[in-house]
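Worksheet: the structure to be examined is printed underneath.
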Amino acid sequence: MSTSKSNPNNIRLSSIPARLKPTSQQYSKAEPSPLLSASSYGSSVEDYIGSGTDTVGGRTPVFDRRLSFVQEDDERSDISRLRSPRRFEILSPTYDSEDDDAMLDSKKPAFLRPADGRSVTPLLKKSDDEDRGRSRYNNSRPTSPLPLPVSTPSSIHSTTRPIFSRRSTMRSRSPDTQARMAARKKYTYASIFLVISLISFCVQTELGRYVQHKLGWDKAYCMLYLTHGSWALLWPVQLLILRVQKWNVPWPTFWRRHVYLLRSTAHMVAQQELDIPRHVMQRSPWPYIVRTTAFVTTALTVAGLSWYVAVNMTTPSDLTAIYNCSAFFAYVFSVPLLKEKLRLDKALAVLIAIAGVLVVVYKDSKEGDAETGDDANTEAGMRFLGNMIIGAGSVLYGLYEVLYKRWACPPEGTSATRGMIFANAFGSCIGAFTLSVLWIPLPLLHILGWETFELPTGEAAFYLLVSVIMNATFAGSFLVLISLTNPVLSSVAALLTIFIVAVADWLITGRSLNPAAVGGGCMIIVAFLMLSWSTWREMTEDAERKAAVDVAGPVDWSSEDSDKDGDRLD
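Residue numbers (my numbering): 47 to 616.
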């Protein structure tokens, strides 16, 4: 009974550590403790409340090493009873921070307490703070339902992601930086496929010429059928490469993801939007793909066939010069169909490229005609008809490039990888359409006697096979190049093959390069560089504009944003 009278709060003093027991000096009225000032008292209460624990039996489990209950005497009992039945203070002479940290770590989950008692993300930072700026986390990962213990208080300064922190949805880079990175990625892929297309086209041209003129297998339409039909191999080869890259993914999962990527991209192509509603995704994209494939393949086949028809009706110089004017017609069709802006630098670059082609072709043809007399043997009427045919082919080839870009390429903002995969898949559709439909003229030409159907054998078959493979490689690279950039740049890039073929002839046959070939080739190269710079600037400016306007849009910087009206400035 005596204990309860002296201890009105029913606190067991024996349960309090010896160094925390109140002393007689603390009850003295003459010398009030300086630790009971307003600031220290408030901080003590704040620490107590922030601990998140309850007192059990008059004892604080977490702070039992540094809290002391202050008992009031009879004269101050009324005031203390009104304010607080129990007050506590920090005994600074016996306070040990290391013991306190260890006890807190053992009593509380690690993710609920800062490592050193400070806020993990302070509102204000000093200029010389060691972790200022946008730090990147080394172990970025999805959040886990299990907390990880905080080992040391110094972990607040580490570059690891805070435990149980949610990945930020804010952009980690400015729109300008992100736009330049996206444009640089596209141009890197485009440069690689440009080199591949130039090499494969030169090899195909040399082998095709060798098979037709040296080995005597001159079957124009059959060669066109085989070369364009070989495009059907693009998607299987691409699928094999992707499978090798993802060899550790189970085949059902890999196939399901690949089909979904192609299906979603086909809907993006049909709608010219990046965000496809769910009810649209449930529809099949095959009707649109079949119609587009038939439309684009027809333009391509007629354009290619015109070259084979006119090759024996006009001079090689006229044939090459007029056919390569497709770059100009590609720019002309890009204005109404792709909403391309008329730019002086691009128009000037196209004209310089065509002028370079004329210099190479006609200067070289005059020297060849002086030796062989080909102009004298070519009738004026037949030559005019051949030029008209190849002119129509040039227009159709420029139209084919723009049609492919407009109706068979994903909208602007699509990732470069997705665009490349779909380009090769659509190339396979063109090849499949060629093999399944365009075989019909073969028996008709054979019956009419215009072209006897005959498969090559021996050496001709081998070189034709290599030429067909090179044509498929060129086609896939060229389609990817158009998808990543624009038809105008791709057409002018194809003109580089004229100069490269001339260099290849010089290396293979030993025929020296004349000044006209060098000068015209330099003009084509200058025009290509001008177009490359103009296209790069347009892509960067367009990406920056979209990023600045649509900051809150889809944060998938493998793709930016789509043009809602189909207005694509590429």
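By construction, the Cβ of each residue, glycine as well, lies at the ideal position given by its N, Cα and C atoms.
Starting from residue i and walking both ways along the alpha helix (DSSP H), at which residues does that stretch end?
i	result
ASP551	533-555
PRO19	There is simply no residue 19 to check, as the chain begins at 47 and stops at 616 in what is shown.
ILE287	280-291
VAL357	Segment: none, VAL357 is in no alpha helix (DSSP H) and carries neither H nor E.
TRP301	297-317
CYS325	For the sequence presented, residue 325 should be read as His rather than Cys. Note, HIS325: alpha helix (DSSP H), 324-327.
TRP453	426-453
CYS268	266-275
CYS475	462-483
SER330	That residue, SER330, is in no alpha helix (DSSP H); it is neither H nor E in DSSP.
PHE374	372-383
VAL386	Residue identity check: residue 386 is Glu in the sequence provided, not Val. Looking at the DSSP string, GLU386 is not in any alpha helix (DSSP H), and its letter there is neither H nor E.
LEU520	A small correction: the amino acid at residue 520 is Phe; Leu does not occupy that position in the sequence shown. 504-530 is the extent of the alpha helix (DSSP H) around PHE520.
What's the call for residue i, buried or exposed, on a 16-neighbour Cβ count within 10 Å?
i	result
ASN358	exposed
ILE580	Before going on, a small fix: residue 580 reads as Ser here, not Ile. It counts as buried.
CYS568	exposed
ILE368	buried
PRO502	buried
VAL640	Residue 640 is absent from the model: the chain starts at 47 and stops at 616.
TRP297	exposed
VAL342	buried
MET11	Nothing about residue 11 can be reported from this structure: the residues present for the chain run from 47 to 616 only.
ALA426	exposed
THR347	buried
Beta-carbon within less than 7 Å of residue i's beta-carbon, same chain only, minus the 5 sequence neighbours each way: which residues are those?
i	result
ALA316	PRO331, TYR334
ALA520	The sequence as given places Phe at residue 520; Ala does not occur at that position. Result list for PHE520: SER243, SER246, PHE247, GLN250, in chain order.
GLU447	ALA376, ILE528, PRO533, SER536, SER537
ALA349	GLY439, LEU442, TYR443, TYR446
ALA345	LEU442, LEU445, TYR446, LEU449
ALA340	PHE479
VAL405	ALA562, GLY565, GLY566, MET569
CYS475	ILE335, THR339
LEU541	ASN370, ALA373, ALA399, VAL403, ILE570
ARG557	ASP551
ALA401	MET569
VAL326	HIS313, GLN317
Of the choices the options, whose alpha-carbon is the least far from that of residue i?
i	options	result
ALA471	LEU525, PRO502, ALA562	LEU525
LEU484	HIS274, GLN224, ARG230	HIS274
GLU500	VAL241, TYR271, THR299, SER440	TYR271
THR360	LEU431, GLY495, PHE574, SER523	LEU431
LEU308	THR555, ILE554, ALA454	ALA454
LYS260	ILE546, PHE574, TYR509	TYR509
ALA462	MET269, ALA573, THR531, LEU511	THR531
VAL407	GLY459, PHE545, MET466, GLY477	PHE545
ASN433	MET466, ALA401, ASP364	ASP364
TRP552	TYR235, GLU252, ILE238	GLU252
LEU575	MET428, ALA518, GLY459, LYS392	LYS392
ALA518	VAL283, ALA548, LYS231	VAL283
ARG394	ALA573, ASP588, GLU584	A quick correction: the sequence has Leu, not Arg, at residue 394. With distances taken between Cα atoms, LEU394 lies closest to ALA573.
Which residues in the same chain have their Cβ closer than 6 Å to the Cβ of residue i, if we skip the five residues on either side of it in sequence?
i	result
GLU386	SER380
MET516	SER246, VAL249, GLN250
LYS292	PHE300
SER396	One detail in the question is off: residue 396 reads as Val in this sequence, not Ser. Answer for VAL396: ALA373, PHE374, TYR377, listed in chain order.
LYS451	ILE528, PRO533
GLY522	LEU280, ASN470, GLY473
TRP263	VAL257, PRO502, ALA506
Can you give me the Cβ contacts of residue i inside the same chain, cut-off strictly under 8 Å, excluding the 5 residues immediately before and after it?
i	result
TYR267	LEU351, TYR354, PRO487, LEU488, LEU491, GLU497
TRP582	ALA229, TYR233
THR543	LEU244, PHE247, CYS248, THR251
ILE436	SER352, TRP353, ALA356, THR360, ASP364, LEU365, ILE368, TYR369
LEU388	VAL381
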